[in-house]
Amino acid sequence: PGKITDTPPMDTSLRYEPGVYPTEPETILDFSSTMGYIRMAENCNGSADCRKSARIGGTMCPSYMATMDENTTTRARANILREFISRPNRKNPFDHKEIYDILDLCLSCKGCKSECPSNVDMAKLKAEFLQHYYDSHGVPLRARLVAYITWFNKLGSVFPALYNQIITSKLVTHTFMKWVGFTVHRTFPKLYKTTLRRWARRNLPELNASLPENAPVVNLFVDEFTNYNDVEIGIKAIKLLTCLGYRVQLPRHGESARTYISKGLLRRARKIARNNLLCLKDYVSEERPLLGIEPSAILGFRDEYPDLMRGEMKDLAKKIASCSYMIDEFLAREMDRGNIKKEQFTTRPRTIKLHGHCQQKAVASTNPTKKILSFPENYTVTEIPSGCCGMAGSFGYEKEHFELSMKVGELVLFPAIRNAPEDVIIAAPGTSCRHQIEDGTGRKGLHPVEILYDALV
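Quick note: the numbering used here has the sequence shown finishing at residue 1918, numbered continuously throughout.
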């Protein structure tokens, strides 16, 4: 009281000068919902919700939670993007090393998409930026290798035992990792002895033959991670669905394009997404939904695919998006409808701790996962109040990011798992999450469908 402040006039210190209107750059992803790329960055109002500690909870923003550095917040990244791209001094407005550097520690967890009060989707902004930045500087070798990992897995699947022997050889892998820029403290995911599609060609007809003619039909999206690495999870998912009375189809399609989107190769991602939509359009409907095992792969249909398309293809993308579900979501819906009975599962008591996938938390929800894991009588589920696990695809493999990746895991996830008794099951829908959990705690995480399949009577 009694203090007089000489505040500056309200029409000073504005973001833009009167009469100056920034020109929106052309983009590959559709930013029309925010009236443009710059406008999405402008949506940041500086409220600093992204400046929170891990104790508060939520996913946004893992790099800030681990470093407490303003430069790693969604706010700082949005401000840098707005300042540089709204005042371009180059032919390519995205050609700024300063933007590249400040986006470097963004894990693309998408926490900001749902937790930022202005819904600034930094993962989307980063992916778009990277494509245009690479247009001027070329795609780095490491980014290209990660994006095209499915190609290497497909090649290795011809002789999986030989491939696994090579990637577990310390001499070979350490030399390769140092050359490319990966940390030597990680191990590459091994290939299974066969692919999920090969297994299904031999076994799925017999499983479906045991079902009545009018059994409901579901389409399983065979993502690149489940097809080559997590095949056992895919097998259990198929067996679980058929045991519960659902006829499983595996329509032909390509990889999910997740690695290309994460690494900013959006033109390639658009081609893959277009091909997948055309392949699936005659199979997928509300009566015959598309189910996915890996959250980051199936959620691309609902999140990035519509943004990658234009015109009639956008309409098709939205149609398929409305019929695409994580397998957790589908099973939870069927349980609610009474189509799946508790009597189909064991009554043996089990305790489960769940770590949800960060993109699942941002685009969907962990509630369906908790529901299906607690559906068997005497199954108790507790969700670990963790955000992103820290692996974030290839982020935790990259030499300069390994330490930060582990610091993110140590915020909440690793301590919670270490403190859990040995008989507690660790559930984690994401393939990267399961690798991070094993690297950080030595405990093995299971996909929810594995737990539910093992609970069948």
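Glycine residues also receive a C-beta, built at the ideal position from the N, C-alpha and C atoms. Everything numeric in this text was worked out from a predicted model, so none of it was measured.
Euclidean distance between Cα positions of residue 1833 and residue 1473
As a first step, residue 1833 must be located in the sequence shown, where it is residue number 372. As a first step, residue 1473 must be located in the sequence shown, where it is residue number 12. Whole-angstrom Cα-Cα distance: 55 Å.
Taking only the alpha-carbon atoms, compute the straight-line gap between residue 1859 and residue 1536 and give it to the nearest angstrom.
Here residue 1859 corresponds to residue number 398 of the sequence shown, with the count starting at 1. Here residue 1536 corresponds to residue number 75 of the sequence shown, with the count starting at 1. Computed Cα separation, rounded: 24 Å.
Segments of 4+ residues assigned as alpha helix (DSSP H) that fall wholly inside the region 1528-1561:
1535-1547
Specify the secondary structure class of residue 1638 as computed by DSSP and reduced to three states.
Against the sequence shown, residue 1638 aligns to sequence position 177. If DSSP states are grouped into helix, strand and coil, residue 1638 belongs with the helices.
In terms of alpha-carbon separation, which member of 1623, 1640 and 1579 lies closest to residue 1601?
To locate residue 1601, count along the sequence shown from 1; it is residue 140. Checked all of 1623, 1640 and 1579; the closest Cα to residue 1601 is 1640.
Once the 5 residues before and after residue 1918 are set aside, which same chain residues still bring their CB inside 7 Å of it?
As a first step, residue 1918 is located in the sequence shown; it is residue number 457 there, counting from the start. Counting only Cβ-Cβ distances below 7 Å, and skipping sequence neighbours, we find 1805, 1806 and 1807.
Contact check, residue 1702 vs residue 1678, beta carbons under 8 Å
As a position in the sequence shown, residue 1702 is number 241, starting the count at 1. As a position in the sequence shown, residue 1678 is number 217, starting the count at 1. The answer is no: Cβ separation not under 8 Å.
When burial is assigned at 16 or more other CB atoms within 10 Å of the CB, is residue 1525 buried or exposed?
For the purposes of this step, residue 1525 is identified with residue 64 of the sequence shown, where counting begins at 1. Buried, since its Cβ has 16 or more Cβ neighbours within 10 Å.
For a quick check, are the C-beta atoms of residue 1730 and residue 1769 less than 8 Å apart?
Start at 1 with the first residue of the sequence shown, and residue 1730 comes out as number 269. Start at 1 with the first residue of the sequence shown, and residue 1769 comes out as number 308. Yes, Cβ-Cβ distance for residue 1730 and residue 1769 is below 8 Å.
May I ask you to report which of helix, strand or coil DSSP gives residue 1774?
Numbered from 1 along the sequence shown, position 313 holds the residue referred to as residue 1774. Helix.
Residue 1798 (DSSP reduced to helix, strand or coil)
On the sequence shown, position 337 is the one that residue 1798 refers to. It is coil, neither helix nor strand.
Drop a sphere of 10 angstroms on the beta-carbon of residue 1787, count the other beta-carbons inside from all chains shown, and report buried for 16 or more, exposed for fewer.
By one-based count along the sequence shown, residue 1787 stands at place 326. When all chains shown are included, residue 1787 counts as buried.
Where residue 1857 falls: helix, strand or coil (DSSP)
The residue labelled residue 1857 in the question sits at position 396 within the sequence shown. Three-state result, residue 1857: helix.
Less than 8 Å separating the beta-carbons of residue 1715 and residue 1754?
Start at 1 with the first residue of the sequence shown, and residue 1715 comes out as number 254. Start at 1 with the first residue of the sequence shown, and residue 1754 comes out as number 293. No, Cβ-Cβ distance for residue 1715 and residue 1754 is not below 8 Å.
Where residue 1625 falls: helix, strand or coil (DSSP):
Taking the sequence shown and counting its residues from 1, the one referred to as residue 1625 is at position 164. Residue 1625: helix per DSSP, three-state reduction.
Beta-bridge pairing of residue 1888 - partner residues as DSSP gives them
The residue given as residue 1888 occupies position 427 in the sequence shown. DSSP lists 1815 and 1907 as partners of residue 1888.
Ordered along the chain, which non-local residues of its own chain (more than five positions away) have a Cβ less than 7 Å from that of residue 1607?
Mapped onto the sequence shown, residue 1607 falls at position 146. The answer, listed in chain order, is 1720, 1724 and 1855.
Beta carbon of residue 1712 nearer than 8 Å to that of residue 1744:
Walking along the sequence shown from the start, residue 1712 turns up at place 251. Walking along the sequence shown from the start, residue 1744 turns up at place 283. Closer than 8 Å, so yes.
Whole-angstrom distance between residue 1637 and residue 1648, CA atom to CA atom:
Looking up residue 1648 in the sequence shown gives position 187. Looking up residue 1637 in the sequence shown gives position 176. Using only the alpha carbons, I get a separation of about 12 Å.
What would DSSP say about residue 1611, mapped onto helix, strand or coil?
Here residue 1611 corresponds to residue number 150 of the sequence shown, with the count starting at 1. It is helical.
How big is the Cα-Cα spacing for residue 1817 and residue 1778?
By 1-based counting over the sequence shown, the position of residue 1817 is 356. By 1-based counting over the sequence shown, the position of residue 1778 is 317. Going by the C-alpha atoms only, they are around 26 Å apart.
Any heavy atom of the ligand ATP inside 7 Å of the beta-carbon of residue 1843?
The ligand ATP is absent from the structure shown, which contains no ligands of any kind.
Pull up the distance between the alpha-carbon of residue 1758 and that of residue 1605, whole angstroms please.
Here residue 1758 refers to the residue found at position 297 when the sequence shown is read from its first residue. Here residue 1605 refers to the residue found at position 144 when the sequence shown is read from its first residue. So the alpha carbons of these two residues sit roughly 19 Å apart.
Let me make sure I understand the geometry here. Which of 1790, 1676, 1596 and 1481 has the alpha-carbon closest to that of residue 1828?
The sequence position of residue 1828 within the sequence shown is 367, counting from 1. The shortest C-alpha separation from residue 1828 is found at 1790.
Whole angstroms are fine: how far does the CA of residue 1632 sit from the CA of residue 1840?
Translated into the one-based positions of the sequence shown, residue 1840 becomes position 379. Translated into the one-based positions of the sequence shown, residue 1632 becomes position 171. Distance between the alpha carbons of residue 1840 and residue 1632: 45 Å.
Alpha carbon to alpha carbon, what distance is there between residue 1853 and residue 1847?
On the sequence shown, residue 1847 is found 386 positions in, with the first residue counted as 1. On the sequence shown, residue 1853 is found 392 positions in, with the first residue counted as 1. Using only the alpha carbons, I get a separation of about 14 Å.
Beta carbon of residue 1577 nearer than 8 Å to that of residue 1529
If you number the sequence shown from 1, residue 1577 lands on position 116. If you number the sequence shown from 1, residue 1529 lands on position 68. No, they are not a contact pair.
So, at 7 Å on beta carbons, what are the nonlocal neighbours of residue 1656 in its own chain, with the 5 sequence-adjacent residues on each side left out?
The count along the sequence shown starts at 1 and reaches residue 1656 at position 195. The answer, listed in chain order, is 1618, 1688, 1689 and 1692.
Report the three-state DSSP secondary structure of residue 1492 (helix, strand or coil).
In the sequence shown, the residue the question calls residue 1492 occupies position 31. Residue 1492 falls in the coil class under three-state DSSP.
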